[in-house]
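For the sequence shown, my numbering puts the final residue at 386, and the numbers step up evenly by one. We put the beta carbon where it would ideally sit given N, CA and C, even for glycine. This one's a predicted model, so the numbers in the text were calculated from it and none came from an experiment.
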Amino acid sequence: MSGDPILTFSKTVEEYSDAPESVIADILRGAVDLHCHSGPSVMPRSLNHLQAILEAQDAGMHAILFKDHYYSVTPVAKYIEETMPDLRLNLLTGVALNNTVGGLNPYAVDHMLKLGGHIVWMPTFSAANHLRHGHRHVILPTKERMLQPTGLSVVTDTGELKEEVKPILDMIAESDCVLSAGHLHISEIWPLFDEAKKRGVKRLLVNHPTFVIDANLRDIKELADMGAYIEHSFCMFINETYNKKFTGEQLKQLIEAAGVERTILGSDLGQAKNPHPVAGFRSVIRLCLGLGYSEADIRKMIGLNACRLMGLPEPQQAASAAAGS
């Protein structure tokens, strides 16, 4: 795709503000994590779903979205909701259309939606695009060796959207749930989102556009202009993670490309050897303050925008603080 690349800098801005912990904690209240990788999982995890819930509740967060590349967490979340009477957190789930659920499988989507899930991710770890990036070590290890994946794409060899994707888009539109582009290449996302909009899908999400997706700044602006939310995995921007890939200044470029109103910051945390998601949120809040963003703008990017995408009622404290700044 044409357009400006994601630039690199020899000199970066100061990445950490000197804001007191009480300010960080206050901004964190009402946050939403749309990218929590807790377990159980075939991948090494640092915490399980219940631990993620308890830590998020203690921090005053508003919601978390459980994402596993191999199964839908929806039944687990429903069980927790039924057996945890003191739950004070919105639990969000979905299904990733990878090999383990039959790929582009409308039955898997139907099951997830009938159980009360919220999002459909197009193929992630089974995406042909993801597998082609294997030389960049993006095929993350599982605890035990899994069957060799079959690469999946939503487009034909000549770039048209495959027919089997269209009934899935209709189901997403009818249920008014969220369509995520998964780990598709940017060239696959355009025909997918164009057809989705024609069929009435209103909630569009692009995860980590600079990782695997290969989107550039111009792509990100165009995606935001067509109504998509752009989620950046902040595990790739904070110093505390083993998979930091980008600088704070690069994050600012990415935010400016889509605009604060269309940007979501999700943790993409839960992996072994990485900080837990809540700790990551504290770090990215500090980073954003150091980049010069107001508390109101940070609240939008870590919570309010996610609420709008997912159709959640906004937490009153965060909404009032964002409106008043």
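#### Entry: Close-in-space but distant-in-sequence residues of the same chain around Met173 (CB under 6 Å, 5 per side omitted)
Ser133, Thr135, Val156
### Exposure of Gly331, with buried meaning 16 or more beta-carbon neighbours within 10 Å
buried
#### Entry: Status (buried if at least 16 other CB within 10 Å, exposed otherwise) for Pro376
buried
### Message
Relative to the C-alpha of Glu205, which candidate in Pro105, Cys349, Phe342, Lys306 has its C-alpha closest?
### Response
Pro105
#### Entry: Cβ-Cβ separation, Ile229 to Val262 (assumed contact under 8 Å), whole Å
Not a contact, Cβ separation roughly 10 Å.
### Query
Just checking my contact of Gly243 with Pro184 at CB under 8 Å: how many whole Å lie between their CB atoms?
5 Å
### Task
Assuming Ala367 contacts Ile325 (C-beta within less than 8 Å), just tell me the rounded distance between them.
5 Å
#### Entry: Sequence-distant residues of its chain with Cβ nearer than 7 Å to His391 (five each side left out)
This structure cannot settle anything about residue 391, because the visible part of the chain is limited to 62 through 386.
### Message
Please state the DSSP three-state secondary structure of Tyr354.
### Response
coil
### Query
According to the neighbour-count rule (16 or more other Cβ atoms, all chains shown, within 10 Å of its Cβ), is Tyr303 buried or exposed?
exposed
### Paired residues, beta bridge with Ser294 - DSSP
Gly327
### Task
Indicate whether the contact test is met: 3 or more Cβ pairs, each with one atom in the stretch 292-311 and one in the stretch 82-90, closer than 8 Å.
no
### Query
Between Cys97, Ser102, Leu253, which lies nearest to Ala124 when the distance is taken from Cα to Cα?
Cys97
### Message
For Arg260 and Tyr77, which I take to be in contact (beta-carbon distance under 8 Å), what is that distance rounded to the nearest angstrom?
### Response
At roughly 45 Å, the Cβ-Cβ gap does not stay under 8 Å, so Arg260 and Tyr77 are not in contact.
### Query
Roughly how many angstroms separate the alpha carbons of Ile247 and Arg323, rounded to a whole number?
18 Å
#### Entry: Beta-carbon gap between Ala319 and Ile359 smaller than 8 Å
no
### Task
Could you tell me if Leu370 is buried or exposed, where buried requires 16 or more neighbouring beta carbons within 10 angstroms of its beta carbon?
buried
### Message
Here's the rule: buried if 16 or more other CB atoms are within 10 angstroms of the residue's CB, otherwise exposed. What is Met122?
### Response
buried
### Message
Check for me: the alpha helix (DSSP H) holding Leu174 runs from which residue to which?
### Response
167-175
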